[in-house]
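Protein chains in written order, with the working numbering: chain G, 35 to 142; chain H, 35 to 142.
Backbone N, C-alpha and C fix where the C-beta goes; we use that ideal spot for every residue, glycine too.
Everything numeric in this text was worked out from a predicted model, so none of it was measured.
Accompanying notes for the structure given below.
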DNA sequence: ATTTAATATCGTAATATTGCAATTTGAAAA
DNA sequence: TTTTCAAATTGCAATATTACGATATTAAAT
């Protein structure tokens with residue numbers, strides 16, 4: 035079907051899945067890493083950095099934005115992008131919880 | 035196209051994308067959380083815990099296994115599952131790096 | 001050997017994702 | 001206002017994912 039039964043899972047599970055889905059593509063990982071590789075906002079330089087056509091990059095940026103992973107600010111002719119630290123903190127907190135639970139298990 | 039241009043990105047980017055893709059579905063998040071919710075290995079009880087048919091669950095388990103997120107051990111008639119702490123540590127380390135880089139940026 | 005129970009695989013339908021050419025939009029510059 | 005340049009949107013083709021019924025496999029139990 036290709037259709038996820040989201041209604042069968044709780045909000046938290048759907049939310050985490052969506053956040054991780056936004057990062058589940060090498061181009062989007064590359065975008066995030068590029069944004070972090072420079073000590074400032076990136077204003078309109080992303081397309082040239084990626085081996086993909088402009089509409090494709092635009093689409094990936096949209097998905098990252100929708101998931102809240104990056105923020106974009108209109109800056110004159112172009113757009114200024116940077117990574118949203120809040121959501122990174124949220125992801126870290128999630129995996130921290132998982133890791134804590136793992137410490138109590140001593141099997142396999 | 036639906037085909038990812040993996041060859042255009044580096045190994046690390048493809049690897050992270052694949053790991054996160056394995057977790058980018060509420061059913062697979064639910065599986066991991068269920069495995070963690072019990073203080074031992076889970077032996078053949080997963081299908082009943084999920085609102086999905088057995089072949090669907092089996093497929094999700096396979097994807098988690100392929101990505102190295104869970105480990106399965108044949109245990110008599112059924113299979114014993116648990117979360118692979120190594121890969122969780124790897125994910126945490128990745129987001130830790132991201133977070134450190136974020137601390138040096140003070141824009142947006 | 002047969003039955004039983006758990007999990008895997010196959011086949012298939014429905015939907016989602018990826019990618020890009022063509023086009024449009026939006027805002028600054030001329 | 002026209003041009004220009006960056007980014008978004010549209011439309012479409014190719015491939016991937018999700019889900020499940022039917023069936024196969026596997027290993028213990030009878």
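Inter-residue spacing [alpha-carbon to alpha-carbon] between residue i and residue j
i	j	result
residue 110 of chain G	residue 115 of chain H	54 Å
residue 133 of chain G	residue 102 of chain H	15 Å
residue 51 of chain H	residue 94 of chain H	17 Å
residue 86 of chain G	residue 59 of chain G	13 Å
residue 126 of chain H	residue 62 of chain H	18 Å
residue 83 of chain H	residue 96 of chain H	17 Å
residue 55 of chain H	residue 124 of chain H	15 Å
residue 106 of chain H	residue 100 of chain H	11 Å
residue 64 of chain G	residue 41 of chain H	13 Å
residue 49 of chain G	residue 131 of chain H	23 Å
Environment of residue i [buried if 16+ CB atoms lie within 10 Å]
i	result
residue 108 of chain G	exposed
residue 39 of chain G	exposed
residue 46 of chain H	exposed
residue 117 of chain H	buried
Close Cβ partners of residue i (< 6 Å) along its chain, the five nearest in sequence each way excluded
i	result
residue 77 of chain H	109, 112, 114
residue 35 of chain H	none
Anticipated Cβ contact below 8 Å, residue i with residue j, distance rounded
i	j	result
residue 121 of chain H	residue 53 of chain H	7 Å
residue 79 of chain H	residue 136 of chain G	No, residue 79 of chain H and residue 136 of chain G are not in contact; Cβ-Cβ is about 19 Å, not under 8 Å.
Closer than 7 Å: residue i CB and nearest the ligand PLP heavy atom
i	result
residue 39 of chain G	Only the bare structure without any ligand can be found here, which leaves the ligand PLP out of the picture.
Beta-carbon gap between residue i and residue j smaller than 8 Å
i	j	result
residue 168 of chain H	residue 71 of chain G	Not covered by the structure: residue 168 of chain H. The range shown for chain H is 35 to 142.
residue 129 of chain H	residue 129 of chain G	yes
Own chain, CB closer than 8 Å to residue i, minus 5 neighbours either side, in chain order
i	result
residue 66 of chain H	57, 98, 103, 104, 117
Cut-off 7 Å between Cβ atoms - residues of its own chain near residue i, not counting five sequence neighbours on either side
i	result
residue 88 of chain G	81
residue 69 of chain G	76, 104, 115, 116, 117
residue 91 of chain H	80, 81, 84
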